[in-house]
Structure formats: C-alpha cells, structure tokens
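Presented below is the structure to which this report refers.
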Amino acid sequence: MTSPSPSAVDVRTDPAALEAASDLLRALAAPARIAIVMLLSTAPRCVHQLVDELGLNQPQVSQHLRVLRDMGLVDGRRRGREVEYALVDDHVTHIVTDAIVHACEPVEQRPITATAP
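In terms of UniProt numbering, the numbers along the sequence shown are unbroken and rise by one, the last being 117.
If you want it as structure tokens, here you go:
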C-alpha cells in the first residue's frame, strides 16, 4: 500500500499542518506584530521607521521582528548601515487583514455556518 500523496492529505486534519498553523497564529498573537505586518504590507521599512510609526522602543520592535523572521514571515536586507525589513510574501497580510475585519464585525453580523456532526 502506498502512502497518500501530499495533495491527498486533508490539511484540515493533518497534525503537522495544524501544528504549523498553530505556530503561525502564535507568532501573530501580539498587537505590535500585527501592526508590523500591516505596515510592511505597504512598503519595506527599517527598524527606526517602525519605532517611529509604532511608538515602541527599538528593542521591542527588534524583538517582534525576530519572532516574525524566525517564522519565515519577514526578511531583512542590509541597506548601507541599516537593515530593511519586508514581508516574504502576501499570505500573512491576507490572514491578518481577515482577522482584523472579523474582529471588528459585530458578533450579530457574523454569518452563522453549519458544523458537520
């Protein structure tokens, strides 16, 4: 018997996929990291720009960037004496934007979906 191909694995129940999704959501589970993702979705930025825009101190911003970088969500590129950070791709922007929109919806306006038994 052969093992299922990667496309045949149901990612909704695959333990490795669920663990990876959990790690991703955990990395985004800080308002400052969500704000960083939203800022980087518009343009790459250096740490000092993020400090100015977020009102956080440099060590805090650097720590949040490290978490995002360790998850493979942002990448830093040296530009002279500074490092410019950018999102690796747009996937995380969609996740964060959807989460913000969902969180801002009044509960009574959220669609009710049936759950399978």
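For every residue, glycine included, the Cβ atom is placed at its ideal position computed from N, Cα and C. Since we're looking at a predicted model, the values are computed, not measured.
Secondary structure at residue 108, three-state DSSP: helix, strand or coil? helix
Whole runs of the alpha helix (DSSP H) within the region 1-57, excluding any shorter than 4 residues: 15-27, 31-40, 47-54
Limits of the beta strand (DSSP E) - the one that residue 76 falls within: 74-79
If you follow the beta strand (DSSP E) that residue 83 is in, where does it begin and where does it stop? 82-87
Taking its Cβ as the centre, do 16 or more other Cβ atoms sit within 10 Å of residue 27, making it buried, or is it exposed? buried
On the three-state DSSP scale, how would you describe residue 90? coil
Output the distance between the C-alpha atoms of residue 24 and residue 84, rounded to the nearest integer angstrom. 22 Å
Own chain, CB closer than 8 Å to residue 32, minus 5 neighbours either side, in chain order: 54, 56, 60, 61, 64
Three or more C-beta pairs closer than 8 Å, one from the region 77-97 and one from the region 10-23: is that the case here? no
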